[in-house]
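As structure tokens, the structure follows; a few thoughts come after it.
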Amino acid sequence: MYQIGPYTFTSRLLLGTGKFSDFDIQKGAIEASEAEILTFAVRRMNIFEPSQPNLLDKINLSNYRLLPNTAGAKTAEEAVRIANLAKASGLCDMVKVEVIGCDDTLLPDPLETYRACEMLLAEGFIVLPYTSDDVVLARKLQELGVHAIMPGASPIGSGQGILNPYNLQVIIEQATVPVIVDAGIGAPSDAALALELGADAVLLNSAVSGAKNPVQMAEAMKLAIRAGRLGSEAGIIEKKERAQASSPSQGMSIVD
Ligand SMILES: CC(=O)[C@@H](O)[C@H](O)COP(=O)(O)O
């Protein structure tokens, strides 16, 4: 289990709800993932237009905690406005801060992200910033008081997996709040690696929504994340430069 603010979670898979081909496949993937936290872009939800189709109509909301994100924001002020829209609609007091600084790479703007977190914390939100895998920024955001950090594995939607395991490892070692690896996960093995490195959880979307069989991929991700966590807890052996026989004969009497 891990804790974000006042909330405790068992599932270490957070599922994004974008880009599914239809609501039924999305619902099947959500169920197969056994995710407890679902993220969604406030701008995509028809929260103030009840006549329009909406993911929230299809799922039993009492089974999930919703994590609205501020996708679309390019400044701290825009992120705060979007977060307040989500809060006003009664969805959740948690917010994933996403302030994009580059349209080409979709990488986050570190300065605007920091400012947005500062403002949202002052307003009493439970704040989870999406960041690049910057070790110093991660530390400064924690000092500010954020409730989790969400370093990217690689660019959003790229499926490239963890590009810089070294940075991620240092962020995890220095973390005082949960680390949720967010964006860029492609294969189940990428998700497993995040947990093996010691991350608390993984947020992913494209790898499932873009799979040939999203429901099956959601299940694969769930199992990979469980395996990665189990392996990390079990204690992974250190890599060695040279071979070491699996059946050493030293110290044993040889029977002819
Ligand atoms: C920051 C962001 O937008 C990601 O959370 C995205 O929702 C998921 O990234 P992938 O689609 O790469 O899994």
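Be aware that the sequence shown starts at 1428, since it is given in the numbering used here, and climbs by one per residue.
Idealized CB from N, CA, C, for every residue including glycine.
Next item on the list: Run the proximity test for ALA1456: is its beta-carbon closer than 7 angstroms to any non-hydrogen atom belonging to ligand 1?
Entry: no
Next item on the list: Can you tell me the Cβ-Cβ gap for LEU1441 and LEU1494, rounded? I've got them flagged as a contact below 8 angstroms.
Entry: 7 angstroms
Margin query: If I follow the unbroken beta strand (DSSP E) through LEU1494, where does it start and stop?
Written below: 1492-1496
Notebook entry, point to check: For ligand 1, is there a heavy atom less than 7 angstroms away from the beta-carbon of TYR1557?
Noted result: yes
Notebook entry, point to check: Which whole-angstrom value is the C-beta distance of ARG1492 and CYS1519, which I expect to be below 8 angstroms?
Noted result: 6 angstroms
Margin query: Against chain D, with Cβ distances strictly below 8 angstroms, would LEU1534 count as a contact?
Written below: Note that chain D does not occur in the displayed structure, where there is just one protein chain.
Margin query: Given a cut-off of 8 angstroms on the beta-carbon distance, is the pair GLU1461 and LYS1666 in contact?
Written below: no
Next item on the list: Return yes when the Cβ of LYS1501 is within less than 8 angstroms of the Cβ of VAL1526, no when it is not.
Entry: yes
Next item on the list: Using alpha carbons as the reference points, say which of GLY1611, VAL1604 and LEU1622 lies closest to TYR1434.
Entry: Answer by Cα proximity: VAL1604.
Check: Expressed to the nearest angstrom, what Euclidean distance is found between the alpha-carbon atoms of GLY1637 and PRO1675?
Finding: 47 angstroms
Notebook entry, point to check: From LEU1547 to GLY1625, what distance separates their C-alpha atoms?
Noted result: 28 angstroms
Notebook entry, point to check: Taking buried to mean at least 16 other C-beta atoms within 10 Å of its own C-beta, is THR1437 buried or exposed?
Noted result: exposed
Notebook entry, point to check: Does the beta-carbon distance from LEU1595 to ASP1609 come in below 8 angstroms?
Noted result: no
Check: Beta carbon of THR1532: closer than 7 angstroms to some heavy atom of ligand 1?
Finding: no
Notebook entry, point to check: For SER1559 versus PRO1535, is the C-beta spacing smaller than 8 angstroms?
Noted result: yes
Notebook entry, point to check: Quick one: does the C-beta of GLU1505 sit closer than 7 angstroms to a heavy atom of ligand 1?
Noted result: no
Checklist line | Residue span of the beta strand (DSSP E) that contains LYS1501, given as start and end | finding: Looking at the DSSP string, LYS1501 is not in any beta strand (DSSP E), and its letter there is neither H nor E.
Next item on the list: Assign MET1428 to one of three DSSP states: helix, strand, or coil.
Entry: If DSSP states are grouped into helix, strand and coil, MET1428 belongs with coil.
Notebook entry, point to check: Would you say VAL1606 and GLY1455 are within 8 angstroms of each other, going by their C-beta atoms?
Noted result: no
Notebook entry, point to check: Which value, in whole angstroms, describes the spacing of the CA atoms of ASN1490 and LEU1538?
Noted result: 35 angstroms
Notebook entry, point to check: In three-state terms, what does DSSP make of PHE1436?
Noted result: Strand at PHE1436.
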